[in-house]
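Take a look at the structure set out below.
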Amino acid sequence: MGIILSLAFLGFIAINVPIAFSMGLSSIIGLLLKGSIPLVIVPQKIFTGCDSFPLLAVPLFILAGALMDTGGISLRLVALAQALVGHFRNGLGMVSIVSEIFFSGISGSTAADTAAIGSIMIPAMKQAGYPTARATAIVCAACGMGILVPPCIAMVIYGGIANASVGALFAGGFLPALVMAAALMIQLNIQARRAGAAPGCFVGAKPLMKALKESLLALFMPVIIFGGILGGICTPTEAAVLAVAYGLVVSMFIYREINLAKLREVLLQTGLVTGQVMIMVGMATVFGWILTREQVPQALASVIHSLGGGKILFLLLINISFLFLGAVLEGVPALIMTVPILLPIATQFGIDPVHFGIVLVANMGIGLFLPPIGLGVFVGCSIGKITVSEIAKPLLPYLAVNFATVLLITYWPWLTLVIPTLLFK
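FYI, the numbering for the sequence shown is 3 to 427, going by my numbering.
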């Protein structure tokens, strides 16, 4: 049945059926052909797949990020990043990376990061003389890195599916994100030196302190989230509730950039995005349950074992395949659909579930910006007002650096596990 399910799923995708419904329809076809399983199992599995307390954090983090974005937080964070690293060679490119580290720790959404940071940094870099394609490529590469900066919606979903600690996943993303950001900044510096670009002037302590003061309330959001989770005060879901309350107060009553009309738009958009995510979770639960019942993971594990290479080959295949799955299936659906199949195999090879989750999420971040099909690259191109073919050449070297860092993360688990081990074990 695994082959039938896969062929049916690919067939529905080929005729442009939405991914969630492709999984659902192919599951129903598989059950009808099987004949021995009642179709009532479909709504039951959809309900049980969505009925998870950790997944309640998904709409809350989406709402918190939307509140902080609409409330003018991104402008203040970019100003702080400008004061910190704007004086380096290729300074505006580095500002994009540092801004993404700040903002991704608040928004939790790669699409939101690309829209918020790109709408500010791409015009600024163009005005400073950067070619449009290169400016857009830098923002896309930075946002591909930013998926590792918690809170991350993909980590919450993975934690719910894999029964892994979301707090440990959040902690595990910190160091890999910083390593990838450092690699990108080194690449930007090398490019600037080759082009003969001179460093700028440091703005001084006073402007830096002013930018820090104006962005302090925004920076306090990650403190609430991570302090609560890592300090054992609250669960990730409860931390998301606190983040929503804090974002609402700051955006409406302190910065005063969100009124009731804007709040209505934010709530509506949050509901739409949440609905899309949760219907994919439900349909993927049915799809994954059928594959597991038909022992597809065991068969796949046997094939991988027969190839030789063991854990090293398995991780390499995961990196390559998930890089493209993250692009074709728009990231989160790929995660939802494949984790129930891949995680048992990873467990057989002795791979830590937290490490495995970070590897998948990191590849998903690159895949989202992989030309010509990644969803994130289309968001970036729409902001930069260029075509995907124009961005491909300048973007691929940055994605290559990102992927090289992912390989480092893959084969050096310490980078991922050192912080969760210190905090949770």
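Just so it is clear, CB atoms sit at the ideal spot from N, CA and C, and this is done for glycine as well. The structure presented is a predicted model; accordingly, all values stated were derived computationally and were not measured.
What are the boundary residues of the alpha helix (DSSP H) that residue 291 is part of? 262-295
Could you pull the start and end residues of the alpha helix (DSSP H) that residue 354 belongs to? Unbroken run through residue 354: none, as it is neither H nor E.
Relative to the C-alpha of residue 168, which candidate in 50, 60, 413 and 21 has its C-alpha closest? 60
Counting C-beta neighbours from all protein chains within 10 Å, is the total for residue 95 16 or more, i.e. buried, or is it exposed? buried
Under the three-state DSSP convention, the category residue 387 falls into: coil
Tell me the residue span of the alpha helix (DSSP H) that contains residue 57. Note, residue 57: premise wrong, no alpha helix (DSSP H); not H, not E.
Using a 10 Å radius around the Cβ and a threshold of 16 neighbouring Cβ atoms, would you call residue 129 buried or exposed? exposed
Short check: CB of residue 151 to CB of residue 179, under 7 Å? yes
Alpha carbons only, please: which of 363, 5, 350 and 314 is nearest the one belonging to residue 405? 363
Give me the residue from 271, 55, 173 and 33 with the minimum Cα distance to residue 67. 271
Helix, strand or coil, according to DSSP, for residue 237 in the structure here? coil
Whose CA, out of 258, 62 and 117, lies closest to the CA of residue 227? 62
Suppose you measure from the CA of residue 90 to the CA of residue 149; what does that come to, to the nearest Å? 24 Å
Could you tell me whether the Cβ atoms of residue 124 and residue 386 are closer together than 7 Å? yes
Decide if the stretch 370-379 is in contact with the stretch 185-192; the criterion is three or more beta carbon pairs, one per stretch, under 8 Å apart. no
By Cβ distance, which residues of its chain are closer than 7 Å to residue 102, with the 5 residues on each side in sequence left out? 115, 119, 144, 145, 147 and 148
Hey, how far is the Cα of residue 275 from the Cα of residue 295? 30 Å
Status (buried if at least 16 other CB within 10 Å, exposed otherwise) for residue 316: buried
Closest residue to residue 42 among 9, 288 and 11 (Cα-Cα distance): 288
DSSP on residue 204, reduced to helix/strand/coil? coil
Below 6 Å CB to CB, which residues in the same chain sit around residue 329 once its five sequence neighbours on both sides are set aside? 369, 372, 375 and 376
CA-CA distance, residue 65 and residue 246? 7 Å
Taking DSSP as the reference, what is the three-state secondary structure of residue 414? coil
Going by other Cβ atoms of all chains shown within 10 Å of its Cβ, with 16 needed for buried, is residue 161 buried or exposed? buried
Contiguous alpha helix (DSSP H) assignments of at least 4 residues, all confined to the stretch 113-163: 134-148
By the DSSP assignment, the alpha helix (DSSP H) with residue 171 in it spans what residues? 168-196
Find the nearest neighbour of residue 23 within the set 420, 248 and 279, judged by alpha-carbon distance. 279
So which of 172, 159, 208 and 35 has the shortest CA-CA distance to residue 82? 208
Kindly list the residues whose CB is nearer than 8 Å to the CB of residue 159, restricted to its own chain and excluding five residues on each side of it in sequence; keep chain order. 57, 60, 279, 283, 334, 337 and 338
Using DSSP with H/G/I as helix, E/B as strand and the rest coil, what is residue 42? coil
Helix, strand or coil at residue 396 [DSSP, three-state]: helix
Best match in 136, 392 and 408 for proximity to residue 193 [C-alpha to C-alpha]: 136
Taking the alpha carbon of residue 349 as the point to measure from, which residue in 100, 165 and 397 has its own alpha carbon closest? 165
Would you grab the beta carbon distance between residue 25 and residue 285 for me? Rounded to a whole angstrom, and I think it's under 8 Å. 4 Å
Since residue 255 is in the alpha helix (DSSP H), which residue starts that stretch and which ends it? Neither: residue 255 is in no alpha helix (DSSP H) and is coded neither H nor E.
For the alpha helix (DSSP H) containing residue 37, name the first residue and the last one. Note, residue 37: premise wrong, no alpha helix (DSSP H); not H, not E.
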